[in-house]
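Scroll down for the structure; my scribbles are underneath it.
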Ligand SMILES: NC(=O)c1ccc[n+]([C@@H]2O[C@H](COP(=O)([O-])OP(=O)(O)OC[C@H]3O[C@@H](n4cnc5c(N)ncnc54)[C@H](OP(=O)(O)O)[C@@H]3O)[C@@H](O)[C@H]2O)c1
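Residue numbers (my numbering): 1 to 309.
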């Protein structure tokens with residue numbers, strides 16, 4: 001089968017399209033025949049050797065964190081899935097999605113939403129679960145609360161806006177000017193152009209800040225969190241001393257695969273409460289170009305690789 005692997009860390013040139021052995025599942029694993037795999041910022045961080053879970057001892061390494069496909073082989077302890085089931089998954093770091101057949105744990109996979117084709121479905125798992133865990137597990141967001149999402153037009157952000165709205169929260173978001181209408185169409189109540197406006201001057205205090213940007217954006221966010229509120233980041237740990245003085249909860253987390261949460265997200269998609277936005281698609285062999293596009297071009301929603309199918 002074809003796979004896109006790295007043998008050393010570095011720029012896009014280290015991605016190699018290679019022929020390798022098809023994996024065989026054991027125990028509670030399945031093998032998914034991959035129809036589509038999504039591209040996330042984490043893939044480039046792994047490629048560069050800047051992601052803690054992927055070190056020299058993992059090389060050669062297949063990149064890619066989430067896929068949609070059909071079950072092509074089943075381990076002897078798996079009873080909940082059948083051959084040919086159309087599934088999608090956020091994979092554990094030991095398995096990469098930029099390949100034609102990938103191993104996944106049965107606890108990571110769930111049936112793909114019926115309303116989505118494989119390309120759109122592959123766009124969902126990592127960003128959907130990241131947004132779910134950030135808003136609800138770490139942010140403890142509840143109906144009626146006020147939230148701001150920094151980076152609302154990206155992969156995680158466009159999901160977070162819709163999940164938060166579906167949960168009954170009031171949502172502000174920062175995006176670039178060209179994405180203002182897009183963020184409004186996803187349900188955002190207040191949309192701020194991060195390039196021309198300062199959110200801390202125009203957004204009333206919020207219960208939860210969901211930070212997908214870090215740096216100065218995270219620092220300035222302290223000004224708008226209510227006492228008793230939370231500032232949760234996917235990127236860097238917010239200042240704990242400042243948080244204690246302001247009586248707010250802060251945290252930085254790494255999203256974890258979770259088939260049960262993915263199932264709830266699939267239900268929201270099939271109920272028409274969340275739409276998935278794919279910016280562009282590339283063939284598996286163009287994985288390097290896809291990663292460069294995500295890094296350097298303005299991307300709205302997700303980039304997806306077409307694999308088999
Ligand atoms: N910890 C975890 O488990 C985890 C999981 C998923 C993602 N992440 C991280 O979270 C971040 C977001 O992920 P993603 O997949 O959503 O990335 P993405 O698809 O690249 O989206 C990033 C978005 O942020 C916007 N942006 C850039 N600077 C901004 C600013 N100062 N204020 C507001 N928006 C700004 C970009 O818009 P423009 O193109 O217009 O600049 C883009 O729409 C990445 O750094 C990623 O590595 C972490």
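All C-beta atoms in this analysis are idealised placements derived from N, C-alpha and C, irrespective of residue type, glycine included.
Values in this document were obtained by computation on a predicted structure and should not be read as measured data.
{"Item": "Which of helix, strand or coil DSSP assigns to residue 179", "Value": "helix"}
{"Item": "Residue 255 Cβ short of 7 Å to ligand 1 heavy atom set", "Value": "yes"}
{"Item": "Straight-line Cα distance separating residue 164 from residue 174", "Value": "15 Å"}
{"Item": "Cut-off 6 Å between Cβ atoms - residues of its own chain near residue 342, not counting five sequence neighbours on either side", "Value": "Here the chain covers residues 1 to 309 and nothing more, so residue 342 does not appear."}
{"Item": "Rounded distance between the beta-carbons of residue 90 and residue 126, thought under 8 Å", "Value": "5 Å"}
{"Item": "Any non-hydrogen atom of ligand 1 closer than 7 Å to residue 232 Cβ", "Value": "no"}
{"Item": "Heavy atom of ligand 1 within 7 Å of residue 41 beta-carbon", "Value": "yes"}
{"Item": "Three or more C-beta pairs below 8 Å linking the region 230–249 and the region 261–269", "Value": "no"}
{"Item": "Span of the beta strand (DSSP E) around residue 304", "Value": "302–306"}
{"Item": "Whole beta strand (DSSP E) elements within the region 150–232, 3-residue minimum", "Value": "170–175, 190–193, 206–211"}
{"Item": "Complete alpha helix (DSSP H) runs within the region 84–164 (minimum length 4 residues, chain order)", "Value": "118–122, 125–132"}
{"Item": "CB contact flag (residue 88, residue 112, <8 Å)", "Value": "yes"}
{"Item": "Beta-carbon proximity of residue 305 to residue 288, cut-off 8 Å", "Value": "no"}
{"Item": "Presumed contact (8 Å Cβ cut-off) between residue 19 and residue 2, rounded CB distance", "Value": "6 Å"}
{"Item": "For residue 256 and residue 201, the rounded distance between their alpha carbons", "Value": "35 Å"}
{"Item": "Residue 35: first and last residue of the uninterrupted beta strand (DSSP E) it sits in", "Value": "29–39"}
{"Item": "As assigned by DSSP and simplified to three states, the class of residue 281", "Value": "strand"}
{"Item": "Proximal residues to residue 157 (C-beta, below 6 Å), its chain only, five neighbours per side dropped", "Value": "149, 151, 212"}
{"Item": "Beta-carbon spacing of residue 207, residue 229 below 8 Å", "Value": "yes"}
{"Item": "Coarse secondary structure for residue 66, derived from DSSP in three states", "Value": "strand"}
{"Item": "Contact test: residue 150 Cβ vs ligand 1 heavy atom, cutoff 7 Å", "Value": "yes"}
{"Item": "Residue 7 beta carbon near ligand 1 (any heavy atom closer than 7 Å)", "Value": "no"}
{"Item": "Endpoints, alpha helix (DSSP H) assigned at residue 292", "Value": "287–296"}
{"Item": "Terminal residues of the alpha helix (DSSP H) in which residue 244 lies", "Value": "240–246"}
{"Item": "Whole-number beta carbon distance between residue 56 and residue 37, since they are thought to touch under 8 Å", "Value": "So it is not a contact: roughly 24 Å between Cβ atoms."}
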